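Q:
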Amino acid sequence: MPYVLWFEEGGKEALRLVGGKNGSLGELIKAGIPVPPGFSVTTEAYLEFIGGGIKGEIERILSDLDPQDVSSLERKSSQIRDLFSQTPLPERIVDEIGTNYKRLSEMFKVSDVPVAVRSSATAEDLPTASFAGQQDTFLWVHGIEDVLEKVKLCMASLFGPRAIAYRSKMGFPHEKVLISVGVQKMVNAKCAGVMFTLNPLNGDPSKVVIEGSWGLGETVVSGMVNPDKFVVDKVVYDIDERTISTKTVQCVYEPGKGVIHCEVSEDQKKSPCLEEKEIIELVKIAKKIENYYGCPQDIEWAIDRDTPFPSNIFILQSRPETVWSQKEKGPLLGKKTAYELLMEKALSPIRIGR
Amino acid sequence: MAERKGFPMPLEVEYPKELEGWEEMYPPHYLFSEERREWEEKHFWYHDKIHAPDPMYPLDLIFHEAWQIALSQYTTRVFCIPPAQGVAQRMVGCYMYITPVAPPSQELMKEKAELFQKRVFYVFDHYDALWGLWLKKFRALGEEMANIKVPSELPKFEPDDTVFPEPRGYYTSYEVIDAWDRLVNAMIKGWQYHFQYLNLAYLAYLLFADTCRKLFPGISESTIGKLVAGAYVQMFRPEEELCRLARLAAAVPEVARIIKSDLSPEEKIENLKKTGEGRNWLVEYEKAKDPWFYVSCGSGWFHYEGSWINKLEVPFGYLKSYVERVEKGERIERDLAGIDKQRAELVEEYRKLIKTDEDRKSFDDTYKAVRTIYKYAEDHLFWVEHWFHTIWFEKVREFGSLLVKYGMLKEIDDIYLFNRFEVPIILEDLVTTWALGEGVPSRASYWQAKAEKRKKILEAAKKWTPIPALGTPPEEVSEPFTVMLWGITTEKVNEWLKGVTVVPTEVTEIKGFAASAGVAEGKVRVVKLLEEITQVEPGEILVCPTTNPAWAPVFTKIKASVTDIGGLTSHAAIVCREYGIPSVTGTGIATSVLKTGDIVQVDGNTGIVKILKRA
Numbered sequence: 001m002p003y004v005l006w007f008e009e010g011g012k013e014a015l016r017l018v019g020g021k022n023g024s025l026g027e028l029i030k031a032g033i034p035v036p037p038g039f040s041v042t043t044e045a046y047l048e049f050i051g052g053g054i055k056g057e058i059e060r061i062l063s064d065l066d067p068q069d070v071s072s073l074e075r076k077s078s079q080i081r082d083l084f085s086q087t088p089l090p091e092r093i094v095d096e097i098g099t100n101y102k103r104l105s106e107m108f109k110v111s112d113v114p115v116a117v118r119s120s121a122t123a124e125d126l127p128t129a130s131f132a133g134q135q136d137t138f139l140w141v142h143g144i145e146d147v148l149e150k151v152k153l154c155m156a157s158l159f160g161p162r163a164i165a166y167r168s169k170m171g172f173p174h175e176k177v178l179i180s181v182g183v184q185k186m187v188n189a190k191c192a193g194v195m196f197t198l199n200p201l202n203g204d205p206s207k208v209v210i211e212g213s214w215g216l217g218e219t220v221v222s223g224m225v226n227p228d229k230f231v232v233d234k235v236v237y238d239i240d241e242r243t244i245s246t247k248t249v250q251c252v253y254e255p256g257k258g259v260i261h262c263e264v265s266e267d268q269k270k271s272p273c274l275e276e277k278e279i280i281e282l283v284k285i286a287k288k289i290e291n292y293y294g295c296p297q298d299i300e301w302a303i304d305r306d307t308p309f310p311s312n313i314f315i316l317q318s319r320p321e322t323v324w325s326q327k328e329k330g331p332l333l334g335k336k337t338a339y340e341l342l343m344e345k346a347l348s349p350i351r352i353g354r
Numbered sequence: 001m002a003e004r005k006g007f008p009m010p011l012e013v014e015y016p017k018e019l020e021g022w023e024e025m026y027p028p029h030y031l032f033s034e035e036r037r038e039w040e041e042k043h044f045w046y047h048d049k050i051h052a053p054d055p056m057y058p059l060d061l062i063f064h065e066a067w068q069i070a071l072s073q074y075t076t077r078v079f080c081i082p083p084a085q086g087v088a089q090r091m092v093g094c095y096m097y098i099t100p101v102a103p104p105s106q107e108l109m110k111e112k113a114e115l116f117q118k119r120v121f122y123v124f125d126h127y128d129a130l131w132g133l134w135l136k137k138f139r140a141l142g143e144e145m146a147n148i149k150v151p152s153e154l155p156k157f158e159p160d161d162t163v164f165p166e167p168r169g170y171y172t173s174y175e176v177i178d179a180w181d182r183l184v185n186a187m188i189k190g191w192q193y194h195f196q197y198l199n200l201a202y203l204a205y206l207l208f209a210d211t212c213r214k215l216f217p218g219i220s221e222s223t224i225g226k227l228v229a230g231a232y233v234q235m236f237r238p239e240e241e242l243c244r245l246a247r248l249a250a251a252v253p254e255v256a257r258i259i260k261s262d263l264s265p266e267e268k269i270e271n272l273k274k275t276g277e278g279r280n281w282l283v284e285y286e287k288a289k290d291p292w293f294y295v296s297c298g299s300g301w302f303h304y305e306g307s308w309i310n311k312l313e314v315p316f317g318y319l320k321s322y323v324e325r326v327e328k329g330e331r332i333e334r335d336l337a338g339i340d341k342q343r344a345e346l347v348e349e350y351r352k353l354i355k356t357d358e359d360r361k362s363f364d365d366t367y368k369a370v371r372t373i374y375k376y377a378e379d380h381l382f383w384v385e386h387w388f389h390t391i392w393f394e395k396v397r398e399f400g401s402l403l404v405k406y407g408m409l410k411e412i413d414d415i416y417l418f419n420r421f422e423v424p425i426i427l428e429d430l431v432t433t434w435a436l437g438e439g440v441p442s443r444a445s446y447w448q449a450k451a452e453k454r455k456k457i458l459e460a461a462k463k464w465t466p467i468p469a470l471g472t473p474p475e476e477v478s479e480p481f482t483v484m485l486w487g488i489t490t491e492k493v494n495e496w497l498k499g500v501t502v503v504p505t506e507v508t509e510i511k512g513f514a515a516s517a518g519v520a521e522g523k524v525r526v527v528k529l530l531e532e533i534t535q536v537e538p539g540e541i542l543v544c545p546t547t548n549p550a551w552a553p554v555f556t557k558i559k560a561s562v563t564d565i566g567g568l569t570s571h572a573a574i575v576c577r578e579y580g581i582p583s584v585t586g587t588g589i590a591t592s593v594l595k596t597g598d599i600v601q602v603d604g605n606t607g608i609v610k611i612l613k614r615a
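Protein chains in written order, with the working numbering: chain A, 1 to 354; chain B, 1 to 615.
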């Protein structure tokens, strides 16, 4: 079993190895969607790592867990985190990650390509992601040492306080949940955000709703800014609605300081973060993803600063839309013929004046 | 008393003193009146800029008299559309205002519903066959009108053949009176036919629009329009015939040379007659002329617009530029198959987005209904407003000539200064005088003075800017014609309310319907009067009260259009979509806010017109 799989090598058939998030990136690549390149550190690597000795230690720490005791949960979680951080990864895994990180860097002709390191839990036999717990994301990670450190921290996120409490309450064995970690080329986001392949306000399946703001997408996801909003018709590509908000804060990477929040420049605050052609391109991609999965999607996207249009558009993640998709889907028109609908219309009162 | 919200009440309107006497030009029931005040004030009267952007010549009012009756009766008495009533008209200083009549009581709605169901479903089920019958009937009526014999003179003595072998018993005096009555009756009847299926066509459209909105809550009106619009529409036939004739001409150098020359149309025809090739082309030309050149140069609503058939310089002008374009290898025809295919693809894409089979079935069902009957809305236009009206104008001209010949009026078109109830009085004065014998005076100077005075009033009315609406704004507008044709919606009324107090020079943005997608920037050309259409330069943005399909060739040179009035199925919207030009309709105020030379951006996706630079 491999310790590392490139995203395109692991789609939904490899979920057990690469976890949900990475598997979904693999699927997107197969569907021809532009995804920043990268690889998964597999659950096999995780098993190898904890099997190397810390497994027993983890079991010991969690043996007398009281899910009601918040401060004890916090303490135990932090102990495990330290344990992960202090234990070196087995050499075979370090080599594998090192070789592939180098390969990724070479693709961009740099020595240490900046990457995002994210946890990707295997939730295939689990009802919700709550089992897996808080999954961590580290942005703008440079150099192999830092990559290895963040990979371990992502693995440790399996033992966040809420996750362990939940599993223990549900009687689900901690050793049954596994984690994979994604290492992905960082997009130097000019702007980023989310989009839905239906209108989340009314369930209209003929629209793509895009929300975006300057810089990294975190400000949009966390609700830190009022994003710009575009409602676009999927069929005729008309932009039916555009709301340009005042975007005060952005999340950017600053060398030496890491990812920071900073003020948006005056001239950008009130300007749309996306150009018309970028909007249309995003919609085309959204339609492609929805078609591939066959159900409405909730998609994270980013526009790269350094690449020319249209190759500057990247999809970071896609998951099924949950709100409207889970609603009971009866026919909206009540199984009526044109004549029944016509009678209904003809009998509805029309109010004019008072 | 209704709550006041900003528009004046009808009887409070103040008229410039130059308009004094305007009321007498129109029938008394067209005036706001004290005895109907309460009812009138409860309604919302808006200036009908689609049919009456200019001051109304009294005789041109006949079309409106006819449609007020016909449109309304089909809704209230024939097809009995339960929640709707008719559309009423009034004149306000030579401009026509209309209102959807308040809906009927619940009890009446129930009574109407039964008849509605029985009658409307029948029409929907049999529409294709019914359309064939309609066209046959309507063309027969047009022929009948064309065959009305208007005496061109009042003879000194009736000829022998009216006496032998049996004296005919009626003579020229009766023929004049009878011909006018028959002409008027044919026009009234033609408009009864006009609405035979139109209300139902609009209703089917609204039903389909409703279905679309339930399935796709955010679908735009312009998209619904695109799904329904047909490519093979009879209104486009005149232009298609021109394309055909242009291709034929371009194929024969000798014919092409004559068509492209600067000769007058009559001279061109004379020259063509001289060669076999020219004569061959003329055979095709004659075939196209009747009925397809019976198309108004404008909307068909005004006598002064003229039709191709009597303004040959118009079709020949188009022919010249088409031949030149064909020679350059350009495509002049609309891509009908392409338009049709594109529509089918759009429908299929939306259809695929529908989640359940049941909904897909309902969608298919309503779509089939609207595609069946909506054709009527697109096809009747040529036959009624263009072909039939052209025949009317030709006949009225014959009466005008007769009146000028005997000194009752100074100019032929002065007949239009009298309404259809007054014209027979003048005719009666004429034939009475003739019958009475030698040396008997008529009241010619009285009629001529009246004509002079009315001309002045109409001139003054042109300079007067009437307010967009009167009376009580409605909370909700949904009478089918009001919404579909005039584009009056609840939001629109609110925009207008804002517009009443607005200073035109302070406006930076105008809102209307996103009627045809796309964005364009350019120089504004305001065309308030229909005859100004020739001033439009290539690449300009046409800003007008409303447009119509007979302006089609203009749409090949403009970048975008903006209108004051018109919904998504208004003529402007349809033509712009056909030509792929951005269009914003129903802005209410575009012609009063924008000036020729202003630079604007027209966004046909959002319905917003931004003023970038003032001239």
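All C-beta atoms, glycine included, are put in the ideal place defined by N, C-alpha and C. Note that the coordinates shown come from a computational prediction; the quantities given were computed from them, not determined experimentally.
Within a Cβ cutoff of 6 Å, which residues of the same chain sit near residue 139 of chain A, ignoring the five residues on either side of it in sequence?
A: Only 116 and 259 meet the Cβ criterion.
Q: Who are the Cβ neighbours of residue 151 of chain B in its own chain at under 8 Å, not counting the five residues just before and after it?
A: 172, 175, 176, 179 and 402
Q: Within a Cβ cutoff of 7 Å, which residues of the same chain sit near residue 75 of chain B, ignoring the five residues on either side of it in sequence?
A: 81, 84, 85, 86 and 199
Q: Say whether chain A places a C-beta atom closer than 8 Å to the C-beta of residue 607 of chain B.
A: Cβ-Cβ to chain A under 8 Å: no for residue 607 of chain B.
Q: The alpha helix (DSSP H) that contains residue 194 of chain B, what's its start and end?
A: Annotation: the continuous alpha helix (DSSP H) that includes residue 194 of chain B extends over 172-194.
Q: Just how far apart, CA to CA, sit residue 272 of chain A and residue 191 of chain A?
A: 10 Å
Q: Taking only beta-carbon atoms, is residue 215 of chain B less than 8 Å away from chain A?
A: yes
Q: Rounded to the nearest angstrom, what separates residue 115 of chain B and residue 79 of chain B at their Cα positions?
A: 7 Å
Q: What residue range is occupied by the uninterrupted alpha helix (DSSP H) comprising residue 363 of chain B?
A: 357-381
Q: Cβ closer than 9 Å: which chain A residues qualify as neighbours of residue 220 of chain B?
A: 233, 236, 238 and 240
Q: Measuring CB to CB, does residue 97 of chain B end up less than 8 Å from residue 15 of chain B?
A: no
Q: Say whether chain C places a C-beta atom closer than 8 Å to the C-beta of residue 245 of chain A.
A: Among the protein chains in the structure shown, which are A and B, there is no chain C.
Q: If you drop the 5 nearest sequence neighbours on each side, which residues of the same chain put their C-beta closer than 6 Å to that of residue 590 of chain B?
A: 510, 543, 562 and 564
Q: What in chain B is Cβ-close to residue 337 of chain A, meaning under 9 Å?
A: 361, 362, 365 and 366
Q: For residue 123 of chain B, which residues in the same chain have their Cβ closer than 8 Å to its Cβ, ignoring the five residues on either side in sequence?
A: 79, 130, 197, 200 and 373
Q: Leaving out the 5 sequence neighbours to the left and right, which residues in its chain are closer than 8 Å to residue 53 of chain A when beta-carbon positions are compared?
A: 87
Q: Could you tell me which chain A residues have their CB closer than 7 Å to the CB of residue 639 of chain B, listed as they occur along the chain?
A: What the structure shows of chain B is the stretch from 1 to 615, and residue 639 of chain B is not part of that stretch, so it cannot be assessed.
Q: State the start and end residues of the unbroken alpha helix (DSSP H) segment that holds residue 388 of chain B.
A: Secondary structure note for residue 388 of chain B: it is in no alpha helix (DSSP H), with a DSSP letter that is neither H nor E.
Q: Taking Cβ positions, are residue 234 of chain B and residue 382 of chain B nearer each other than 8 Å?
A: Taking 8 Å as the Cβ cut-off, residue 234 of chain B and residue 382 of chain B qualify as a contacting pair.
Q: Could you check the C-alpha separation between residue 582 of chain B and residue 226 of chain B for me, to the nearest Å?
A: About 13 Å.
Q: Nearest to residue 173 of chain A by CA position, among A:268, A:159, A:180 and A:184, is which residue?
A: A:159
Q: From the DSSP secondary-structure annotation, give me the bridge partner or partners of residue 251 of chain A.
A: A:215 and A:261
Q: Comparing the C-beta of residue 288 of chain A with each C-beta of chain B, is any distance below 8 Å?
A: no
Q: Tell me the rounded alpha-carbon separation between residue 130 of chain A and residue 106 of chain A.
A: Reliability of the predicted coordinates at residue 130 of chain A is poor, the pLDDT of 47 falling under 50, and the value obtained from them is presented with this limitation in mind. Looking at the two C-alpha atoms, the distance is approximately 37 Å.
Q: Name, please, each residue of chain A whose Cβ falls closer than 7 Å to the Cβ of residue 231 of chain B.
A: Neighbours of residue 231 of chain B on chain A: none; closest Cβ ~17 Å, over 7 Å.
Q: Output yes if chain A places a C-beta closer than 8 Å to the C-beta of residue 46 of chain B; else output no.
A: no
Q: Can at least three beta-carbon pairs, one atom from the segment 277-284 of chain A and one from the segment 164-179 of chain A, be found at a separation below 8 Å?
A: no
Q: Quick check: the Cα distance between residue 261 of chain A and residue 154 of chain A, rounded to an integer number of angstroms?
A: 23 Å
Q: Kindly say whether residue 343 of chain A, judged by its beta-carbon, lies nearer than 8 Å to any beta-carbon of chain B.
A: yes
Q: Return no unless some Cβ of chain B is closer than 8 Å to the Cβ of residue 347 of chain A.
A: yes
Q: For residue 255 of chain A, is the classification buried or exposed, using 16 other Cβ atoms within 10 angstroms of its Cβ as the cut-off for buried?
A: So residue 255 of chain A ends up on the exposed side.
Q: Quick check on this structure: which residue in B:146, B:209 and B:93 has the alpha carbon closest to the alpha carbon of residue 186 of chain B?
A: B:146
Q: Following a CB-centred definition, is residue 186 of chain A positioned closer than 7 Å to any heavy atom of the ligand ATP?
A: Of the ligands one can find in the structure shown there are none, so the ligand ATP has no counterpart to examine.
Q: Quick check: is the beta carbon of residue 117 of chain B nearer than 8 Å to any beta carbon in chain A?
A: yes
Q: Write down every uninterrupted run of the alpha helix (DSSP H) in the segment 54-137 of chain A whose length is 4 residues or greater and which is fully enclosed by it, in chain order.
A: 55-62, 70-86 and 91-107
Q: Identify, in the order they occur along the chain, each residue of the same chain with its Cβ nearer than 8 Å to the Cβ of residue 58 of chain A, setting aside the five sequence neighbours on each side.
A: 50, 80, 83, 159 and 174
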